[in-house]
Each structure stands twice: as C-alpha cells, then as structure tokens.
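A.B. asks: In terms of this note's numbering, the sequence shown is residues -17 to 54.
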Amino acid sequence: MSDKIVVVGAKENNLKNLNLTLPRNKLIVFTGVSGSGKSTLAFDTIFAEGERKFMESLSSYARQFLGQMEKP
C-alpha cells in the first residue's frame, strides 16, 4: 500500500481536471468558499473510490447482494 492518496483528473461537479497528492494517515483539511468543490472532493471522489475498492475486495458471493458501483 502506498503512503499517499493520488487523485488524477477529478471532474465531478465543480472540480475541473484536478490532480492532487495527499499523505495517508494524516489529518487533512479542505477549505474554500461555498461551492468550490470541498465536499465533492472529499465525498464524491475520495470516499467513493475507497468504497468502490472495498467492494471489489469482497468475494463475488458477497458482491452479488450489493449494487454495482460506478467509478468516480
């Protein structure tokens, strides 16, 4: 496992082709004006990808009971 989280080309909502490298196991704070993409980055991009990777790690038997997840 890498010691960093890499976001490449994020284009959700207000994010415009964002490239970002974040350290793992550190407190990270996103700040900015309303509507700048803070929640989109945290939840719709980073969290969603972590959730998708977790689901992929489950057995095919367990996954059959869960919905298909899109890649963010």
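Yeah, the Cβ is synthetic: ideal placement off N, Cα and C, and Gly gets one too.
Computed from a predicted structure; not experimentally measured.
(1) To which residues does DSSP link K(-14) through a beta bridge?
(2) Between which two residues does the alpha helix (DSSP H) containing G32 stretch?
(3) If you measure between the beta carbons of V(-11) and L0, is that distance less than 8 Å?
(4) Apply the 10 Å Cβ neighbour rule to I10 and answer buried if 16 or more other Cβ atoms are within range, or exposed otherwise.
(5) Where does L23 fall in DSSP's three states?
(6) Opposite L0 in the DSSP bridges: which residues?
(7) Counting along the chain, where does the alpha helix (DSSP H) carrying S42 start and finish?
C.D. replies: By the coordinates alone:
(1) Here K(-14) is bridged, per DSSP, to P5.
(2) Counting along the chain, the unbroken alpha helix (DSSP H) around G32 starts and ends at A30 to S39.
(3) Yes, the pair counts as a contact, with Cβ atoms nearer than the cut-off.
(4) Classification for I10: exposed.
(5) The answer is helix: DSSP assigns L23 an H, G or I state.
(6) Under the DSSP definition of a beta bridge, L0 partners with A(-8).
(7) Where S42 is concerned, the enclosing alpha helix (DSSP H) starts and stops at S42 to R45.
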